[in-house]
Amino acid sequence: MPEDCGFSLRPLHPDDAARFAEALNDDHVRYWMHGVPDPYTEADALRDLSGPDDTAVGDLDPYWAWAMADAQDRLVGKVALSDREDATMSLSYWLHPEGRGRGWMTTAVTAVTTWAFTSSGPGLSTVRANVARDNRASRSVLERAGFVVAETHAEYRMGDGSYAPGMRYLLHLAESAS
């Protein structure tokens, strides 16, 4: 990851709880992300920051998550890999309102997927991501990071529990190197 990109990737920790809750209470994040309690409290954030469990986020073993931290070490986003099936994992991410519009998520996604394809990472061959068709910002992140549309489907679950047209993006090891 470029040293001067404006943020760093680091482990999530309990001190992130307030900013985590701010981000997950943001209308934009809530619109696209299902399964978030309303309101999302700091207690919810502390539970989620303690790691995945069967009651909160399902069986995500293995699960890797990183905080995106600004120059003051404040949480500005989260990137995660979960749901391993053979050599494929799912990518998810969100940004705190203060982290938007800077290109940071594309940089973070590129760094995480580059690591994921290495032997020092999980050694994946494919990373997948599902997004709502109308989530242009998220689609742009994936496309700039080298992902390609694999399929469209009618079952993307929105923040309010409704369903909207969705898209599955894939990034394969061979494509990430080009």
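If you use the working numbering, the sequence shown corresponds to residues 0 to 177, in order. Just so you know, even glycine gets a beta-carbon here, dropped at the ideal spot from N, CA and C.
On the premise that residue 110 lies in contact with residue 8, defined as a C-beta separation below 8 Å, what is that separation, rounded to the nearest angstrom? Locating residue 8 in the sequence shown gives position 9, where the first residue counts as 1. Locating residue 110 in the sequence shown gives position 111, where the first residue counts as 1. About 6 Å; that satisfies the 8 Å criterion.
Residue 76 by DSSP, collapsed to three states: which one? For the purposes of this step, residue 76 is taken as residue 77 along the sequence shown, with counting starting at 1. Three-state result, residue 76: strand.
Would you mind sorting residue 12 into buried or exposed? The rule is 16 or more other CB atoms within 10 Å of its CB. The count along the sequence shown starts at 1 and reaches residue 12 at position 13. Per the 10 Å Cβ criterion, exposed.
For residue 147, name the three-state secondary structure that DSSP assigns. As a working mapping, residue 147 is identified with position 148 in the sequence shown. It is a strand residue.
Using 10 angstroms around the beta-carbon of residue 55, count the other beta-carbons present and answer buried if the total reaches 16, otherwise exposed. Residue numbering aside, residue 55 sits at position 56 when the sequence shown is read from its first letter. With a pLDDT of only 37 at residue 55, under 50, the local geometry of the prediction cannot be trusted, and the value read off the model is given with reservation. Residue 55 comes out exposed.
How long is the line joining the alpha carbons of residue 87 and residue 116, rounded to whole angstroms? Taking the sequence shown and counting its residues from 1, one reaches residue 87 at position 88. Taking the sequence shown and counting its residues from 1, one reaches residue 116 at position 117. In this structure, the alpha-carbon of residue 87 lies about 10 Å from that of residue 116.
Report the rounded CA-to-CA distance for residue 97 versus residue 147, giving the unit in angstroms. By 1-based counting over the sequence shown, the position of residue 97 is 98. By 1-based counting over the sequence shown, the position of residue 147 is 148. A straight-line Cα-Cα distance of about 28 Å links residue 97 and residue 147.
According to DSSP, residues forming a beta bridge with residue 84: Residue mapping note: residue 84 aligns to position 85 of the sequence shown, counting from 1. Its beta-bridge partners are 87.
List the DSSP bridge partners of residue 155. Numbered from 1 along the sequence shown, position 156 holds the residue referred to as residue 155. DSSP, once it has assigned bridges, lists 163 as partnering residue 155.
Out of curiosity, what's the CA-to-CA distance linking residue 95 and residue 74? Against the sequence shown, residue 95 aligns to sequence position 96. Against the sequence shown, residue 74 aligns to sequence position 75. If you take the alpha carbons of residue 95 and residue 74, they lie about 8 Å apart.
Buried or exposed for residue 15, going by 16 or more other Cβ atoms inside 10 Å? Residue 15 sits at position 16 when you count from the first residue of the sequence shown. Here residue 15 is buried. Its C-beta has 16 or more other C-beta atoms within 10 Å.
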